[in-house]
Structures are given as C-alpha cells and as structure tokens.
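A.B. asks:
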Amino acid sequence: MNQILAVGSVAFDSIKNPFGEVSRVVGGSATYFSIAASFFTRVRLVAVVGEDFADRGARLFEGRPIDLAGLQTVPGETFRWKGEYGFDLNTRETIYTKLNVFEHFQPVIPEAYRTSPFVFLGNIHPRLQLEVLDQVTAPRLVAADTMNYWIEGTPGDLREVLKRVDILIINDAEARELSHEANLVKAARAIRAMGPRTVVIKRGEHGVLMTRPGEGEFFAAPAMPLEEVFDPTGAGDTFAGGFIGSLAACGEITDAAMARAIIHGSALASFAVEDFSLDRLLRLTQDEISVRFHHFKRLTHFEEA
Ligand code: AMP
1 MNQILAVGSV AFDSIKNPFG EVSRVVGGSA TYFSIAASFF TRVRLVAVVG
51 EDFADRGARL FEGRPIDLAG LQTVPGETFR WKGEYGFDLN TRETIYTKLN
101 VFEHFQPVIP EAYRTSPFVF LGNIHPRLQL EVLDQVTAPR LVAADTMNYW
151 IEGTPGDLRE VLKRVDILII NDAEARELSH EANLVKAARA IRAMGPRTVV
201 IKRGEHGVLM TRPGEGEFFA APAMPLEEVF DPTGAGDTFA GGFIGSLAAC
251 GEITDAAMAR AIIHGSALAS FAVEDFSLDR LLRLTQDEIS VRFHHFKRLT
301 HFEEA
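All the letters of the sequence shown, read from the start, carry residue numbers 1 to 305 under this note's numbering.
(1) Note down, in chain order, each residue of its chain lying with its Cβ closer than 8 Å to the Cβ of residue 270, except the 5 sequence neighbours on either side.
(2) Any chance the CB of residue 85 is under 7 Å from a heavy atom of the ligand AMP?
(3) Nearest-angstrom Cα distance between residue 154 and residue 160?
(4) Would you say the beta carbon of residue 6 comes nearer than 7 Å to a heavy atom of the ligand AMP?
(5) Pick helix, strand or coil for residue 2, following the three-state DSSP scheme.
(6) By a C-beta neighbour count over all protein chains shown, 10 Å radius and 16 as the cutoff for buried, is residue 87 buried or exposed?
(7) When the Cα atoms are used, what is the spatial distance from residue 288 to residue 280?
(8) Determine the DSSP secondary structure at residue 191, reduced to helix, strand or coil.
(9) Assuming residue 107 and residue 128 form a contact by the criterion Cβ under 8 Å, report the distance between their Cβ atoms to the nearest whole angstrom.
(10) Determine the extent of the beta strand (DSSP E) in which residue 170 is found, giving its start and end residues.
(11) By Cβ distance, which residues of its chain are closer than 7 Å to residue 48, with the 5 residues on each side in sequence left out?
(12) Compute the Euclidean distance between the alpha carbons of residue 140 and residue 19, then round it to the nearest angstrom.
(13) Run the proximity test for residue 246: is its beta-carbon closer than 7 Å to any non-hydrogen atom belonging to the ligand AMP?
(14) Does the Cβ of residue 23 lie closer than 7 Å to at least one heavy atom of the ligand AMP?
(15) What distance in whole Å lies between the Cβ atoms of residue 273 and residue 231, which are believed to be in contact at a cut-off of 8 Å?
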C-alpha cells in the first residue's frame with residue numbers, strides 16, 4: 001500500500017456563518033486531509049499541538065489508518081483560526097490566525113516515514129514545507145496546498161516550495177493572487193511555469209479545474225449540487241485528502257487515475273460541507289462514498305447523439 005506522509009495544521013477553529021457559530025472545534029489542514037485520505041490508504045500525520053489539545057487526537061483519529069508517531073505535543077496553545085462566512089457561504093473572512101505552537105514548530109519526520117512514496121504538504125508556513133522536503137527521500141509524488149496568508153506574507157519561501165512540488169492544490173482567488181492573472185487558464189499556466197506540473201484549482205460550489213501538460217491538459221468536475229450546505233470549512237483539505245488518497249491507493253499517476261482522483265476528492269468534499277467542522281466526515285462510511293462517486297458519474301455523463 002502506498003502510504004501518504006501528511007504535514008499541516010491541527011487546529012482549534014471558531015466558525016461563524018449564517019447557520020450558527022461554533023468555537024474551539026477541532027480543525028486544521030492536516031486533520032481534514034488525514035481523515036479524508038484515510039478512507040483510501042494509510043496516512044502518516046506530522047503536526048504539532050499544544051497541551052490544551054489533550055487526548056482529542058487519540059479520540060478523533062482512533063480506529064482509522066492514521067499513524068500518529070509524528071504528532072508532537074509541546075507546551076503552549078494549539079494553533080487557532082477563526083473564519084466568518086458571508087450569506088452565500090462563498091466568501092470567507094479570516095478573523096484571526098494565532099500560530100501559537102506553530103511559531104516554533106520544527107517538523108521532525110520519523111525515520112520510518114522518510115521514504116513515504118506520497119507526500120502532502122498541507123497549508124502551513126512554506127519554510128516548514130521546505131524543511132519537510134529536505135527530510136524525505138525520493139518521493140514519487142509531492143502535492144502542496146497554500147493560502148493567501150502565505151502568498152502575501154512569505155512569497156519568497158513559497159516560490160522555493162513551488163519549484164519542488166508536482167501538484168499544487170489551490171483555490172481560484174489564490175491562483176489569481178499568486179499569478180497576477182485574472183483568467184484561470186492563464187493563471188494555471190503561469191503557476192505551472194513556477195514548478196508544479198499539475199495545478200488543481202478549487203472553485204468552491206463551481207467545482208474543480210485541473211490542468212497538466214499533454215493531451216488531457218484540462219479536466220473539470222462540478223461540485224455536487226447539494227441542498228444542505230452548512231459549513232465549507234475544510235472542504236479544500238478534504239478534497240485534497242480524497243484526491244491524493246485515491247491516487248496513492250491506485251498507485252498510478254496517469255490521466256485516467258488523476259481524473260478519478262478528482263472525483264473522489266470532490267465526493268469527499270461534498271460530504272464535509274454537510275455539517276459543522278469534522279462532524280460529517282467522522283460519521284461517513286465507505287458505502288456512502290461509493291454511492292456519491294457514482295452520482296458524480298451520472299451528473300456529467302451524456303451521449304454524443
Ligand atoms: P479550508 O477551508 O480547506 O481552506 O481549510 C480551513 C482549515 O485551515 C481550518 O481548519 C484552519 O484551521 C486551517 N487554517 C486556516 N488558516 C491557516 C494557516 N494560515 N495555516 C495553517 N492552517 C490554516
């Protein structure tokens with residue numbers, strides 16, 4: 001089985017949206033990613049939490065194929081983030097980002113994890129993403145995520161990361177900001193010129209656009225039309241978990257495998273938004289995933305004549 005080394009944030013989130021407000025719920029890029037990817041393959045999680053996280057990790061990840069040897073607990077407070085959504089849930093404002101224990105975090109990749117064939121660099125300081133890359137040995141595939149916080153705050157470090165990744169997973173606003181191109185096709189090409197062969201642009205309720213060199217240069221998937229959308233927090237990381245998880249489980253990196261992985265990612269993300277925080281993912285089953293995967297197939301299937 002191809003295992004995935006996943007590095008990113010494990011967090012306490014506070015979320016406000018038109019349906020309500022929750023505070024201090026567990027979130028973080030690596031949390032959503034790992035739980036989503038663990039439906040497909042084994043995940044080796046590397047992250048840091050403060051002592052206030054107590055035994056939440058053990059409870060959350062328990063019973064799933066997620067290895068926690070790389071989850072450090074250090075004195076101090078866990079990373080905290082608060083976001084507030086607009087009426088249609090498409091716009092989100094970050095109210096605060098408190099790095100806390102992330103400020104002095106040095107990712108130490110356990111010896112046994114260093115040869116992981118698949119590596120996912122979740123949304124954290126790009127310098128930490130580079131430190132992870134310096135510790136791994138010849139991975140088959142490296143994927144990374146980032147966000148406006150780092151695009152604006154640490155552009156030089158981010159450029160170094162981009163030179164060393166195969167796939168960048170990024171949302172549409174961030175793709176435009178990073179490339180200074182308003183048009184998404186031009187933005188994706190400009191980002192590919194910075195390093196990653198494949199750029200996957202997440203477009204929220206409008207789905208996903210993947211671009212890579214070759215015949216299948218573009219592949220697009222819609223988002224599942226859902227009547228109940230409660231909380232888009234973590235949808236992007238959940239998408240990434242389903243996407244990389246599917247690729248790692250199949251072990252091939254062909255156009256067909258990439259397209260299937262995009263649908264797996266989209267299916268997982270469509271569940272994540274159905275409830276606050278991680279709640280829907282925590283009660284998700286393999287059967288539900290496979291039913292929704294087939295719904296996706298029907299959603300876009302048509303006959304030529
Ligand atoms: P998403 O909705 O997919 O963009 O992911 C939201 C998750 O990312 C939340 O659970 C946050 O805890 C986490 N997050 C937000 N900002 C940052 C940041 N600057 N660094 C690391 N993780 C973050």
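Just so it is clear, CB atoms sit at the ideal spot from N, CA and C, and this is done for glycine as well.
C.D. replies: Reading off the structure:
(1) 223, 224, 226 and 292
(2) no
(3) 10 Å
(4) no
(5) coil
(6) exposed
(7) 11 Å
(8) helix
(9) 6 Å
(10) 167-171
(11) 72, 74, 101, 102 and 105
(12) 42 Å
(13) no
(14) no
(15) 6 Å
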